[in-house]
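Before any comments, here is the structure.
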Amino acid sequence: MTRKSVRVAVAAAGALGVMLAAGCSGGSAPASGSAGDGKAELTIWHYWDGNNGDTFASMAKDFEGSHPTTTLKLVNVPGSDLLTKLQAAAQSRTLPDIVIGDLVTVPRMAKTGQAVDLKPLVGENTWSDIYPEMLKFGDQGGKQISIPVSSNTLAWMFNKTDFTKAGLDPANPPQTWDELKAASAKIRKATGKPGFELFTTPGTDGEGVTWNFQVSLWQAGGEFLNGDNSKAAFNSEAGKKALQFWVDLVKAKDSPLAPWGEFEKGKAASAQEGSWMAGIWKPKPPFDFGVAQIPHPADGQPATNMGGEQAVVFTQDKAEQKAAGEFLTWFVDPAQNTSWSEKTGFLPVRKSVAESAEYKDFVKNTLPELQPFVDALPTAKARPATPLYPQVSLAFAKQVEEALHGKAVDQALADAETQVNAILSGK
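Dropping the structure here:
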């Protein structure tokens, strides 16, 4: 998943709207496999391509080899089209058996009313080993309708050359907001570059801003929405502290008011980046870069955001549900989750894999820059699991943008709170 796909997934989820619920009260299509002959054919939609798609196809064949009564039919659907096609399939009662999509789209998939509770289909030893925050996306209506199959996090990437020019030690990057501000000022004086690129332009969906800001909010001890996702929670002392931190960076010209990408172009000295960047830059890095945990307030706590994919089962056939549970249990088994993570660069979804000597040795010997992203998994938090999240994200991001352009922090958060609460209440 790239930063672009994060935005695409949120935009697509918003576009799906209430149409899923309107057209999907009936049952799903007849089962594609025959329960009578003891065999099952599972149709799986996913959007992985390139190396990720090839790896998934290879692993599917491995599963079929060890489970001869189950056939997997993989269908590649571009991420930007996934929810639109899902809507059409739901309305025509031709839903696939399994859909693997961006985690933020899971609440929208739940609106079909046909997502299967996976708790009985996957063993407790699997659920208990998955990072709990990842499970929040699939916790819908008292059921667990999705299971994480891949993960990624944000960490702090920085240009070591810029740090050296500013007299800073790249081996000791800043750990707090105050240290980050001080380092940014030195970098700006020595190189003329902003020290830390924030995501400051909402674009058409706002998620780039919101996804990144949530990290600062959580670090300051705040929450984005309340416990049941019915009201905004960001208009708090923690929210004001986080937004003021962003405003201060922009006012000091330590962060540019520009479209995202200045750090990646070498025009800013650091940024919050996704774990995928470590792999993308491995063959030919644009500059000498380092990776560390995202600086947090001295009186706050480490936190980051998470992304990744999750699987949802739609088949209503009991035999196929059992086969789907067997496949998903197998796919996130420690051995498979290790292999998948090593071959694709995704982060593990299981705590035991992330902490295993085998995986740690792989990262150390193959892509050591990935380790800070792995280390961030225990502090990675989930975005609100509500089908209204796309609208909420855009409304919030627009108010952050206004604050960065001069609107008072208190007013921006108050206006965002009013707008978000209206969205959540259906007004």
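Count the sequence shown with mature numbering (1 follows the signal peptide of the UniProt record, and there is no 0) and you get residues -21 to -1, 1 to 406, in order. Even for Gly, the Cβ is constructed at its ideal location relative to N, Cα and C.
Query	Result
Return the chain-ordered list of same chain residues with a C-beta closer than 8 angstroms to the C-beta of LYS261, the five sequence neighbours on each side being excluded.	LEU346, GLU348
Measuring only the C-alpha atoms, how far is LEU196 from PHE213?	8 angstroms
If the criterion is Cβ atoms closer than 9 angstroms, does the pair MET256 and MET113 meet it?	no
Taking its Cβ as the centre, do 16 or more other Cβ atoms sit within 10 Å of LEU392, making it buried, or is it exposed?	buried
What are the boundary residues of the alpha helix (DSSP H) that includes GLY44?	29 to 45
Can you round the beta-carbon distance between PRO86 and ALA364 to whole angstroms, since I take them to be within the 8 angstroms contact cut?	5 angstroms
Rounding to the nearest angstrom, what Cα-Cα distance links THR180 and VAL226 in this structure?	13 angstroms
Which same chain residues end up closer than 7 angstroms to ARG209 when comparing Cβ atoms and leaving out the 5 residues on each side of it in sequence?	The sequence given here places Ser at residue 209; Arg does not occur at that position. So the list reads LEU403, once near-sequence residues are dropped.
I need the straight-line Cα distance from ALA68 to PRO47, nearest angstrom please.	28 angstroms
For the structure I just gave you, are there three or more beta carbon pairs, one from the stretch 123 to 133 and one from the stretch 323 to 339, closer than 8 angstroms?	yes
In the structure shown, what three-state DSSP assignment does ASP60 receive?	coil
Assuming PHE178 contacts GLY187 under a Cβ cut-off of 8 angstroms, what Cβ separation, rounded to an integer in Å, is found between them?	4 angstroms
According to the neighbour-count rule (16 or more other Cβ atoms, all chains shown, within 10 Å of its Cβ), is residue 420 buried or exposed?	Here the chain covers residues -21 to 406 and nothing more, so residue 420 does not appear.
Can we say the stretch 47 to 66 touches the stretch 13 to 32, given the rule of at least three CB pairs closer than 8 angstroms?	yes
Taking only three categories from DSSP, how would you classify ASP157?	helix
Determine the direct distance from the alpha carbon of ASP33 to that of GLU158, and round the result to whole angstroms.	43 angstroms
What span of residues does the alpha helix (DSSP H) with residue 419 cover, start to end?	For residue 419 there is no data in the structure shown, the boundaries of the chain being -21 and 406.
Do the stretch 244 to 255 and the stretch 297 to 317 touch if we need at least three Cβ pairs shorter than 8 angstroms?	no
Helix, strand or coil for GLU288, going by three-state DSSP, please let me know.	strand
Give a yes or no on whether the minimum CB-CB distance between LYS172 and chain B is below 9 angstroms.	Among the chains in the structure shown there is no chain B, since it carries only a single protein chain.
Determine contact between the stretch 290 to 310 and the stretch 365 to 374, defined as no fewer than three beta-carbon pairs at a distance below 8 angstroms.	no
By alpha-carbon positions, which one of TYR338, ASN316, GLY405 ends up nearest to MET38?	ASN316
Does the Cβ of THR143 have 16 or more other Cβ atoms within 10 Å, making it buried, or fewer, making it exposed?	exposed
Just to confirm the assignment: which complete alpha helix (DSSP H) runs, minimum length 4, are found wholly within the stretch 84 to 145?	85 to 89, 103 to 106, 111 to 114, 139 to 144
For a quick check, are the C-beta atoms of LYS98 and LYS115 less than 9 angstroms apart?	no
With 16 other CB atoms within 10 Å as the buried threshold, where does ALA401 fall?	exposed
Can the beta-carbon of PHE192 be found less than 9 angstroms from the beta-carbon of VAL379?	yes
So, for GLN350: in the same chain, excluding its five sequence neighbours on each side, which residues have a beta-carbon less than 6 angstroms away from its beta-carbon?	VAL342
By how many angstroms is the C-alpha of VAL328 removed from the C-alpha of ILE126?	9 angstroms
Is DSSP giving ASN208 helix, strand or coil here?	coil
Going by CA-CA distance only, name the one from PRO357, GLY171, LYS172 that's closest to ASP108.	PRO357
I need the boundaries of the beta strand (DSSP E) containing GLY24, first residue and last residue.	Per the sequence shown, residue 24 should be read as Trp rather than Gly. Residues 19 to 25.
Indicate whether PHE352 and GLY253 have their beta-carbon atoms separated by less than 9 angstroms.	yes
Under three-state DSSP, which class holds LYS219?	helix
Here's the rule I'm using: 16 or more other beta-carbon atoms within 10 Å means buried, otherwise exposed. How should GLU334 be labelled?	exposed
Leaving out five residues on either side along the sequence, give the residues of the same chain with a beta carbon under 6 angstroms from the beta carbon of PHE35.	TRP27
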